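What follows is a short report on a single structure.
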Amino acid sequence: MNIQELVRENIKSLKAFSSARAEFEGDADVFLDANESPYQSAHNRYPDPHQRELKSMIASSRKVSAEQIILGNGSDELIDLIVRTFCEPKEDVLRYISPSFGMYKVVADINDVRREEVALDDDFDIDVYRCLADQTTHHKLLFLCSPNNPTGNVLSKDRVLKVVAGWHGIVVIDEAYIEFADQDSILYQLSQLENVIVLQTFSKAMGGAGLRLGMGFASKEIINYLVKVKPPYNVNNHTQAIAKKILENADLTTSQIVECISERRKVTVALEGQKGVKKIYPSDTNFVLVRFQEHKELYQYLMKRGVIIRDRSSQLNCEGCLRLTIGLPKENDMLIKLINQYYEESTIHR
Ligand SMILES: Cc1ncc(COP(=O)(O)O)c(C=O)c1O
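Going by the working numbering, the sequence shown opens with residue 183, and the numbers climb by one from there.
This is the structure we're talking about:
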């Protein structure tokens, strides 16, 4: 596949902004190049625009080369960068599965890019035929999300691979929740997938939503185009420093993932057979999608008692569905108790 042909004309010819710090390599003692304040603190200097140390740690943890990584101010920034790199406003098309993460649609709209939703099948898996149908040269991007938000399931890998093989543009596979899944990341096959960008994030299993750090993985060629478009200092000093600590502390992350998966099971078992629960969708994430009777009333009931969950009932084929994030054990106990209580009270009043 010719990746260059997929890139927007203005980006192909773009001469990226070269920051003072990016041009410098080696050791120096006196920095009078970037109009920074000379008064030493944890943040008086601009961050490393290439995030070299952090990328090298991520590269070894993910078994890719540092040149195959782009870091962003959350995956949200990377989604936007990808759209701006490949899609000509008003002309090109971004296709995405539905129901799925809302930002694909919002970012297409912000960039005035045409968009097409492809419905998932009855099991919330991808329909290969629908994903690949009616492609034109304007169909630049296809966004998949696996495990998918809000449905919680992984998409079948064989179907994903068929879609990747048949799609004429770039396929973005958003793996924000992959650490909670049984299935391996597609990242391990990346070297054979020249038109794929994999997104992961520090916001979920790695416990760093407030840091705003998203990771994009792709071929060196794709990464080079994305790096040209990114703001020079998009990942700040503190984020880079704390992210390195999180990576050094991988055992803590692993133990939190193990607890979360066990709590997910606990919540699922507690809700199974519960009056008012119509369906619990299988989850490979840190949340569970549940179809309830009287979901609006339940949502209000929980909110009045200080428990906020996410109403996803307006999403395609998610009528009556609420998304429950797995919290601490005592938070999950409280949630289960309140749901039970709601249906007991509601039966009494009926
Ligand atoms: C599927 C998916 N992708 C990306 C994100 C955003 O990640 P980040 O916090 O890295 O911007 C989310 C957040 O909820 C998500 O659910």
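All C-beta atoms, glycine included, are put in the ideal place defined by N, C-alpha and C. Bear in mind that the values here come from a model prediction, so they are computed numbers and not experimental data.
Whole-angstrom Cβ separation of residue 314 and residue 348, contact assumed at under 8 Å?
In the sequence shown, the residue the question calls residue 314 occupies position 132. In the sequence shown, the residue the question calls residue 348 occupies position 166. At roughly 4 Å, the Cβ-Cβ gap stays under 8 Å, so residue 314 and residue 348 are in contact.
Please report whether the beta-carbon of residue 336 lies at a distance below 7 Å from any beta-carbon of chain D.
Chain labels in this structure do not include chain D; a single protein chain is all it has.
Can the beta-carbon of residue 468 be found closer than 7 Å to that of residue 518?
Residue numbering aside, residue 468 sits at position 286 when the sequence shown is read from its first letter. Residue numbering aside, residue 518 sits at position 336 when the sequence shown is read from its first letter. Taking 7 Å as the Cβ cut-off, residue 468 and residue 518 do not qualify as a contacting pair.
How about the stretch 441 to 460 and the stretch 296 to 311: do they share at least three Cβ pairs that are nearer than 8 Å?
no
Give a yes or no on whether the C-beta atoms belonging to residue 384 and residue 246 are separated by under 7 Å.
As a first step, residue 384 is located in the sequence shown; it is residue number 202 there, counting from the start. As a first step, residue 246 is located in the sequence shown; it is residue number 64 there, counting from the start. With contacts defined by Cβ atoms closer than 7 Å, residue 384 and residue 246 do not form a contacting pair.
Based on DSSP bridge pairs, tell me the residues matched to residue 306.
Here the question's residue 306 lines up with position 124 in the sequence shown. Residue 306 pairs with nothing; no bridge assigned.
Output needed for residue 364: all residues of its chain with C-beta closer than 7 Å, excluding positions within five of it in sequence on either side, in chain order.
Position 182 of the sequence shown, counted from the first residue, corresponds to residue 364. Result list for residue 364: 466, in chain order.
Quick one: measure Cβ to Cβ for residue 252 and residue 408, integer angstroms, because I've assumed they're closer than 8 Å.
Here residue 252 corresponds to residue number 70 of the sequence shown, with the count starting at 1. Here residue 408 corresponds to residue number 226 of the sequence shown, with the count starting at 1. Going by Cβ atoms, the distance from residue 252 to residue 408 rounds to 5 Å, so yes, they are a contact pair.
What number of angstroms, rounded off, separates the C-alpha of residue 330 from the C-alpha of residue 232?
Against the sequence shown, residue 330 aligns to sequence position 148. Against the sequence shown, residue 232 aligns to sequence position 50. Their Cα atoms are separated by approximately 30 Å.
Tell me the rounded alpha-carbon separation between residue 472 and residue 308.
Numbered from its first residue, the sequence shown carries residue 472 at position 290. Numbered from its first residue, the sequence shown carries residue 308 at position 126. For residue 472 and residue 308, the distance between alpha carbons rounds to 20 Å.
Helix, strand or coil, according to DSSP, for residue 320 in the structure here?
As a first step, residue 320 must be located in the sequence shown, where it is residue number 138. Residue 320 falls in the coil class under three-state DSSP.
For residue 257, tell me which candidate among 470, 327, 494 and 188 has the shortest Cα-Cα distance.
Residue mapping note: residue 257 aligns to position 75 of the sequence shown, counting from 1. Ranking 470, 327, 494 and 188 by Cα distance to residue 257 puts 327 first.
Can residue 211 be considered in contact with ligand 1, in the sense that its beta carbon sits closer than 6 Å to one or more heavy atoms?
Residue mapping note: residue 211 aligns to position 29 of the sequence shown, counting from 1. No, ligand 1 has no heavy atom inside 6 Å of this Cβ.
In or out: residue 206 buried (at least 16 other Cβ within 10 Å) or exposed?
Along the sequence shown, read from residue 1 onward, the residue named residue 206 stands at position 24. So residue 206 ends up on the exposed side.
Would you tell me roughly how many angstroms separate the C-alpha atoms of residue 373 and residue 410, rounded to the nearest one?
What you label residue 373 is simply residue 191 of the sequence shown in a count that begins at 1. What you label residue 410 is simply residue 228 of the sequence shown in a count that begins at 1. Cα to Cα, the separation comes out at about 22 Å.
Check whether the stretch 278 to 285 touches the stretch 483 to 501, taking contact to mean three or more Cβ pairs, one atom from each stretch, closer than 8 Å.
yes
Going straight from the alpha carbon of residue 437 to that of residue 361, what length do you get?
Numbered from its first residue, the sequence shown carries residue 437 at position 255. Numbered from its first residue, the sequence shown carries residue 361 at position 179. One C-alpha to the other measures close to 12 Å.
So who's on the other strand from residue 459, going by DSSP bridges?
Against the sequence shown, residue 459 aligns to sequence position 277. The partner list for residue 459 (beta bridge, DSSP) reads 474.
Would you mind working out which of 225, 220 and 191 sits nearest residue 423, comparing C-alpha positions?
Mapped onto the sequence shown, residue 423 falls at position 241. For the residues 225, 220 and 191, the minimum Cα distance to residue 423 belongs to 225.
Mind checking residue 212: buried by the 16 CB within 10 Å criterion, or exposed?
The residue given as residue 212 occupies position 30 in the sequence shown. Classification of residue 212: exposed, given that the 10 Å Cβ count is below 16.
What runs of the alpha helix (DSSP H), each 4 residues or longer, lie entirely inside the stretch 261 to 317?
Entirely contained in the stretch 261 to 317, the alpha helix (DSSP H) runs reaching 4 residues are, in chain order, 285 to 292 and 310 to 314.
From residue 194 to residue 332, what distance separates their C-alpha atoms?
Here residue 194 corresponds to residue number 12 of the sequence shown, with the count starting at 1. Here residue 332 corresponds to residue number 150 of the sequence shown, with the count starting at 1. Residue 194 and residue 332: Cα-Cα distance of roughly 35 Å.
Here's a check: name, in chain order, each residue in its chain whose Cβ is nearer than 8 Å to the Cβ of residue 478, leaving out the five neighbours to either side.
Working through the sequence shown from its first residue, we reach residue 478 at position 296. So the list reads 493 and 495, once near-sequence residues are dropped.
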